[in-house]
Amino acid sequence: GESVGLHLPTLSVQEGDNSIINCAYSNSASDYFIWYKQESGKGPQFIIDIRSNMDKRQGQRVTVLLNKTVKHLSLQIAATQPGDSAVYFCAENGNSNSGYALNFGKGTSLLVTP
Amino acid sequence: GAGVSQSPSNKVTEKGKDVELRCDPISGHTALYWYRQSLGQGLEFLIYFQGNSAPDKSGLPSDRFSAERTGGSVSTLTIQRTQQEDSAVYLCASSKGASRETQYFGPGTRLLVL
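One line per chain: the protein sequences are A and B, in this order. Oh and the first sequence: position 57 is 57 in this note's numbering, straight run, nothing missing. Throughout, this note's numbering is defined as the position within the second sequence, counted from one, plus 1000.
Structure follows, in structure tokens:
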């Protein structure tokens, strides 16, 4: 019979190029957003976060942009390296009454080719 | 410093058996979370502990799932009468406790129910 696989959105970039990973959210009450990186067999690793009173935040080689008008979040990775290959998740707190529990997206798989 | 640790890293059990999963949070973190990640999916919130307050159990999928946190530190997630659909990676995270603080994840326990 036919097998059904789970397919993550995949972004393939060349080493040295910039990467942009996008995320949409639906809850206008969300006021805290995080990006996590997850390598195979490991737990999610914190990359960068942003609160709703900001629209841009920069870290080392990474930038997060928040557009509350269209409920859109993006992660930009500069000069992408092979070690950046992983699944990237955005998360927000809009579905939690207390603001503590995070609601995660399905993830985007980033593949960096030499 | 030491991060979040979880044990066992892998667990294979038979349908109908009970399992216990352990989480050691980062020292000094008062908030502790359990999430579940099914194959190729994002993370699903299960339960949240904050200090000595009553836990937020709103994410537990059934009454077969329970969790304890003794002494405000180590937590145990128990699944009774395991089912095959319980197979997943169970991830623990901790944070300093204030809302909208970064959650740091452990490596997870990979549970396979045969």
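Note that CB positions come from ideal geometry on N, CA and C, so glycine has one too.
Pull up the distance between the alpha-carbon of residue i and that of residue j, whole angstroms please.
i, j, result
"A:Ser85", "A:Ala78", "13 Å"
"A:His72", "A:Gly94", "13 Å"
"B:Gly1016", "B:Arg1064", "11 Å"
"B:Gly1042", "A:Arg61", "24 Å"
"A:Ser26", "A:Glu15", "33 Å"
"A:Trp35", "A:Phe104", "9 Å"
"A:Gln38", "B:Asn1052", "31 Å"
"A:Gln76", "A:Leu11", "12 Å"
"A:Ser30", "B:Gln1084", "34 Å"
"B:Thr1102", "B:Tyr1048", "14 Å"
"B:Gly1003", "B:Tyr1033", "14 Å"
Since residue i and residue j are thought to touch, with beta carbons under 8 Å apart, how far apart are those beta carbons, to the nearest angstrom?
i, j, result
"A:Ser19", "A:Leu110", "6 Å"
"B:Ser1099", "A:Tyr100", "6 Å"
"B:Leu1046", "B:Arg1036", "6 Å"
In chain order, what residues of the same chain have a beta carbon less than 8 Å from the beta carbon of residue i, not counting five sequence neighbours either side?
i, result
"A:Val13", "Ser19, Thr80, Leu110, Leu111, Val112 and Thr113"
"B:Val1019", "Lys1011, Thr1013, Thr1078, Ile1079, Thr1082 and Leu1111"
For residue i, collect the residues of the same chain with a Cβ closer than 7 Å to its Cβ; drop the 5 residues on either side in sequence, then sort them by chain order.
i, result
"B:Ser1087", "Leu1111, Leu1112 and Val1113"
"B:Leu1060", "Leu1046 and Ile1047"
For residue i, which residues of its own chain have a beta-carbon under 6 Å away from its beta-carbon, when the five flanking residues on both sides are left out?
i, result
"B:Asp1024", "Ser1005 and Val1074"
"A:Lys56", "Leu65"
With DSSP as the reference, identify every bridge partner of residue i, one or two as the case may be.
i, result
"A:Ile50", "A:Phe33"
"B:Ser1005", "B:Asp1024"
"B:Glu1068", "B:Thr1076"
"B:Tyr1104", "B:Ser1094"
"A:Leu11", "A:Leu110"
"A:Ser74", "A:Asn22 and A:Leu65"
"A:Gln38", "A:Val87"
Are the Cβ atoms of residue i and residue j separated by less than 8 Å?
i, j, result
"A:Gly189", "B:Phe1105", "The structure shown does not extend to residue 189 of chain A, since chain A is modelled only from 1 through 114, so no value can be given for it."
"A:Phe89", "A:Leu66", "no"
"B:Ser1009", "B:Thr1109", "yes"
"A:Gly59", "A:Ile50", "no"
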